[in-house]
Structures are given as structure tokens and as C-alpha cells.
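Below: one structure, written as C-alpha cells.
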Amino acid sequence: MVDSISVLGCTGSIGRQTIAVAEHAGIPVVALSANRKIDLLEEQTRRLHPKLVAVFDEEAAAQFRTAVADLDVRVVSGMDGLIEAAILPESRCVVTAVSGSVGLKPTLAAIRAKKRIALANKETLVCAGNLVMRAAAEEGAEIIPVDSEHSAIFQCLMGRGKAELKRILLTGSGGPFRGLPREALEKITPQQAVKHPNWNMGAKISVDSATMMNKGLEFIEAMHLFSVTPDDIQVVVHPQSVIHSMVELVDGTVIAQLGVPDMGLPIQLALTYPERRKSMFEHLDFTKLQGLTFEAPDLEKTPCLALAMSCARTGGTAPCVMSAANEVAVHMFLRGEIGYNRIYDAAAAAVAAIPAVETDDLDEIIAFDLEARNFVKAYFA
Ligand code: MG
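To convert, take the position in the sequence shown, counting from 1, and add 261; that gives my numbering.
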């Protein structure tokens with residue numbers, strides 16, 4: 262179990278749940294970072310007494326510094342501040358719960374500082390999977406996935422050699438619009454899209470779950486985390502979200518990880534690993550389960566998943582471009598600026614317009630990310 266953590270993105274859904282788990286387990290939180298909900302950040306800072314708080318926006322950081330002037334805490338800002346929070350010497354583990362590609366640099370810095378990474382930021386592996394996994398191997402830094410599916414796969418593979426793995430069965434609920442044709446989704450509102458049937462999550466990832474782009478991003482992440490090819494991963498729609506993913510072994514045995522759909526569980530394991538501790542979460546009651554069902558994803562109705570799987574095969578900068586374009590489009594949708602189906606259109610158009618290249622240069626990857634963002638803004642201008 263780790264004895265201290267930094268939480269990047271502490272006011273978001275995963276960040277708040279991480280803090281609840283850490284407080285329950287008695288793990289000190291020594292650094293925080295946030296860019297939104299500054300009132301909540303102040304409340305967290307007063308309760309947890311971190312040594313360092315990073316507020317991304319310069320002006321908000323200045324205001325925050327004044328607000329907590331009575332406390333013994335250093336307030337930093339910008340990307341440098343975020344990186345400082347990621348590599349703070351007093352911290353043993355960094356929970357990367359920031360949303361978007363802003364998580365890339367601090368995660369790499371934390372790996373170089375040999376921290377344990379409790380990885381909750383999807384873009385890190387989607388944009389720079391090769392680079393990040395190689396850096397982690399070089400530094401001997403642990404990457405423990407927090408996403409429920411990858412945590413499940415990680416748990417199913419514990420103590421097993423790569424040669425035993427036949428394939429990964431990546432499960433997904435199918436989201437709130439499962440089975441609906443694209444035409445029926447034309448008028449979907451942000452309020453409808455963020456209501457996930459099983460999981461309580463932030464707005465961006467809830468929309469990604471509805472489009473199944475989330476499963477596509479997870480597909481790409483799984484390739485990197487477990488060093489497998491696209492052919493080694495099968496997406497299985499499992500609407501009840503009781504099984505959080507499975508692995509099939511070479512002898513035909515399937516091992517699944519089950520539990521209540523609560524992100525607190527994978528968060529806790531990422532902090533206590535390799536130990537298991539009593540948790541504050543509900544346990545599964547099999548006598549109350551109404552049955553577990555499975556089906557193949559309908560790629561015609563979920564073009565975002567199909568696009569992500571195609572980008573996974575293309576490799577290089579294709580996943581990064583797709584993810585960045587999707588991120589901008591989702592935020593535009595959430596602001597009511599574009600319709601639901603335009604999210605896929607924008608991501609697909611960006612992938613078609615920006616040819617993929619193979620690169621492990623972080624600045625070049627970030628340049629592709631920016632190009633995709635600008636492309637989507639121009640696309641809807
Ligand atoms: Mg997930």
C-alpha cells in the first residue's frame with residue numbers, strides 16, 4: 262500500500278472518489294491539482310492539509326493563494342505547477358484524474374520520478390502509449406490502471422505470464438442509447454447523454470460512454486497497458502456492468518472480475534496494491550442479480566467505437582488525433598453548440614484530414630493533438 266498520494270484533477274468525479282478512499286484508508290494526500298470548482302478545492306485543502314496545490318489557471322491560482330493565505334500550503338500554477346504536483350518528493354503515488362491531454366506531461370514526469378501511477382487519464386496512453394509504457398519500463402515505475410475495465414484485466418492477469426493469455430474480453434454496458442439507430446440520436450440533449458444507466462461519472466466520459474468512444478479509447482489503452490494487438494481484444498457488450506472485463510487463457514479458461522459498479526473499488530486497489538483492504542463499498546449479492554447478458558457491439562450503430570478500433574490498427578498519431586478531435590466536439594456538444602451525431606462526424610473528419618505519422622516525440626504528439634483541436638473548431642466555424 263502507498264503511504265502518500267498526489268491527486269491531479271481532485272475536484273472531478275474520480276478525484277473526489279480518490280480522496281474519499283484515501284481518507285477512509287488513512288492515506289495522506291500531499292498534493293492536489295484542479296482547474297475547476299475552486300470552492301471545493303479550498304474545502305479539500307482545508308481538510309487534507311496538502312503541502313502543494315496546483316491551480317492550472319494563473320489568475321485563479323492567484324485568487325486561491327489569497328483564499329488560503331492562513332494555511333501552510335504552496336500554491337503553484339500552469340503546466341509547471343501541475344508537473345510539480347506530479348513529482349513532489351513527499352508523494353509516493355500520483356493519481357492522474359485530470360481530463361484530457363493535459364495529463365500527458367505530468368504523467369510522464371511522475372514516471373521519470375519513479376512514482377506509482379494510478380492511471381485514470383485516458384489520453385495518456387491513447388496519445389502516447391508507446392512512449393509512456395517504454396518510460397515506465399525504463400524507470401521501473403508501476404502503472405496501476407484505475408479505469409474499471411483495465412483494473413479488471415489487470416486483476417485477472419495477476420500472477421500470470423503473457424504466454425498464457427489468449428485474448429482480452431473488454432466489456433462495456435453499451436451506454437444509455439444501446440441499440441438505437443443513428444437517426445434516433447439526432448436530437449439527443451446533453452442532459453440525456455450524461456445519464457449513464459450504471460456508472461456515476463463526469464460529463465465528458467459520460468458522453469463518451471453514450472457514443473461508445475469511451476470503449477474505443479479503452480480498447481487503445483488496453484493494447485498499450487497489456488502489450489497486445491487489436492486482434493487480441495474483443496469488445497463484449499454487457500449491459501449490467503457486473504463483470505468489469507475478462508481474460509481468456511490459452512486453454513480456454515475465462516477469468517472475469519466482478520463487483521458492484523463503483524469506481525471506488527479500482528481506485529482503492531490502485532492505492533493498496535498488492536494488498537487488499539476492507540472497503541466502504543457495497544458487496545455483490547448474487548441472489549439479487551437479475552441475470553447477466555452479453556452481445557456483440559453493433560459497429561454500424563456505434564461508429565465512434567468502429568473509428569477508434571480502426572485508429573488502433575493505424576497506430577501512430579491516429580488515436581491522438583481522434584481523441585483530441587472527440588474531446589473538442591464533446592465539449593461543444595455539452596455546451597449545446599453542436600448536435601450529438603456531429604461528435605462522430607468531427608472525429609472521423611479529423612482522422613481523415615490529418616495523416617498519421619509514427620513518432621515518439623512528445624512535442625510532436627502534442628502538436629498533432631493541437632492540430633486536431635484546431636481542425637474541429639474550424640470544421641464547425
Ligand atoms: Mg471504463
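Every residue, glycine too, gets a C-beta built ideally from N, C-alpha and C.
Residue from the options with nearest C-alpha to residue i
{"i": "Phe487", "options": "Leu293, Glu410 and Val355", "result": "Glu410"}
{"i": "Val521", "options": "Leu530, Gln324, His505 and Thr533", "result": "His505"}
{"i": "Val407", "options": "Lys562, Val282, Asp622 and Ile627", "result": "Val282"}
{"i": "Leu269", "options": "Phe480, Arg634, Gln305 and Ala286", "result": "Gln305"}
{"i": "Met473", "options": "Glu320, Leu441, Pro491 and Gly513", "result": "Leu441"}
{"i": "Ile275", "options": "Val263, Met262 and Leu293", "result": "Leu293"}
{"i": "Gly273", "options": "Tyr534, Asp300 and His285", "result": "Asp300"}
{"i": "Thr432", "options": "Pro458, Lys476 and Asn459", "result": "Lys476"}
{"i": "Leu349", "options": "Ala370, Pro564 and Val363", "result": "Ala370"}
{"i": "Glu619", "options": "Leu313, Cys388 and Ala454", "result": "Cys388"}
{"i": "Leu386", "options": "Val589, Gly577, Ser467 and Leu595", "result": "Gly577"}
{"i": "Lys375", "options": "Ser362, Glu399 and Val363", "result": "Glu399"}
{"i": "Glu561", "options": "Asn391, Met419 and Arg439", "result": "Arg439"}
{"i": "Leu631", "options": "Val363, Pro491, Arg373 and Gln278", "result": "Val363"}
Proximity below 9 Å, CB of residue i to CB of residue j
{"i": "Ala569", "j": "Pro558", "result": "no"}
{"i": "Leu365", "j": "Glu345", "result": "no"}
{"i": "Ala381", "j": "Thr357", "result": "yes"}
{"i": "Phe317", "j": "Met340", "result": "yes"}
{"i": "Ala496", "j": "Leu566", "result": "Per the sequence shown, the amino acid found at residue 496 is Val instead of Ala. Taking 9 Å as the Cβ cut-off, Val496 and Leu566 qualify as a contacting pair."}
{"i": "Leu526", "j": "Ser434", "result": "no"}
{"i": "Pro311", "j": "Val337", "result": "no"}
{"i": "Glu509", "j": "Arg421", "result": "no"}
{"i": "Ala585", "j": "Ala633", "result": "yes"}
{"i": "Ala583", "j": "Ala628", "result": "The identity of residue 583 in the sequence shown is Met, whereas the question assumes Ala. No, the Cβ-Cβ distance between Met583 and Ala628 is not below 9 Å."}
{"i": "Pro367", "j": "Leu332", "result": "no"}
{"i": "Val393", "j": "Ile405", "result": "no"}
{"i": "Pro437", "j": "Lys456", "result": "yes"}
{"i": "Ile528", "j": "Cys417", "result": "no"}
{"i": "Asp523", "j": "Glu543", "result": "yes"}
{"i": "Leu309", "j": "Val290", "result": "yes"}
{"i": "Ala396", "j": "Arg377", "result": "no"}
{"i": "Gly463", "j": "Ser360", "result": "yes"}
{"i": "Pro500", "j": "Gly597", "result": "no"}
{"i": "Arg443", "j": "Asn602", "result": "yes"}
{"i": "Gly600", "j": "Lys448", "result": "yes"}
{"i": "Tyr534", "j": "Pro564", "result": "no"}
{"i": "Leu660", "j": "Ala379", "result": "Residue 660 is absent from the structure shown; the chain starts at 262 and stops at 642."}
{"i": "Met484", "j": "Leu430", "result": "no"}
Host beta strand (DSSP E) of residue i (start-end)
{"i": "His592", "result": "From DSSP, His592 is part of no beta strand (DSSP E) but of the alpha helix (DSSP H) over Ala579 to Leu595."}
{"i": "Arg428", "result": "Leu426 to Gly433"}
{"i": "Arg335", "result": "Arg335 to Ser338"}
{"i": "Thr357", "result": "Cys354 to Thr357"}
{"i": "Gln495", "result": "Ile494 to Val498"}
In DSSP terms, what residue i is bridged to
{"i": "Pro406", "result": "Leu380"}
{"i": "Thr563", "result": "According to DSSP, Thr563 bridges with nothing at all."}
DSSP state of residue i mapped onto helix, strand, coil
{"i": "Leu349", "result": "coil"}
{"i": "Cys271", "result": "coil"}
{"i": "Ile288", "result": "coil"}
{"i": "Glu303", "result": "helix"}
{"i": "Met524", "result": "coil"}
{"i": "Ile516", "result": "strand"}
{"i": "Glu509", "result": "strand"}
{"i": "Val612", "result": "helix"}
{"i": "Ser294", "result": "strand"}
{"i": "Leu313", "result": "strand"}
{"i": "Val387", "result": "helix"}
{"i": "Gln324", "result": "helix"}
{"i": "Ile449", "result": "coil"}
{"i": "Val468", "result": "helix"}
{"i": "Ile266", "result": "strand"}
{"i": "Ile504", "result": "strand"}
{"i": "Ala642", "result": "coil"}
{"i": "Pro535", "result": "coil"}
{"i": "Ala330", "result": "coil"}
{"i": "Ser602", "result": "Sequence check: residue 602 is Asn here, not Ser. In this structure, Asn602 counts as coil in the three-state DSSP scheme."}
{"i": "Asp216", "result": "This structure gives no information on residue 216, because the portion of the chain shown stretches from 262 to 642."}
{"i": "Cys400", "result": "Note that residue 400 corresponds to Glu in the displayed sequence, not to Cys. In this structure, Glu400 counts as helix in the three-state DSSP scheme."}
{"i": "Pro491", "result": "helix"}
{"i": "Asn635", "result": "helix"}
{"i": "Met541", "result": "coil"}
Bounding residues of the alpha helix (DSSP H) (the contiguous stretch that carries residue i)
{"i": "Thr620", "result": "Premise fails: Thr620 is in no alpha helix (DSSP H) and is neither H nor E."}
{"i": "Met474", "result": "Met474 to Leu486"}
{"i": "Thr554", "result": "Premise fails: Thr554 is in no alpha helix (DSSP H) and is neither H nor E."}
{"i": "Leu365", "result": "Leu365 to Arg373"}
Short CB-CB distance (under 9 Å) between residue i and chain D
{"i": "Pro527", "result": "Absence of chain D from the displayed structure is noted, only one protein chain being present."}
- With distances taken from each beta carbon to the nearest heavy atom of ligand 2, which residues come in below 6 Å, in chain order? Among the ligands modelled here, namely ligand 1, ligand 2 does not occur.
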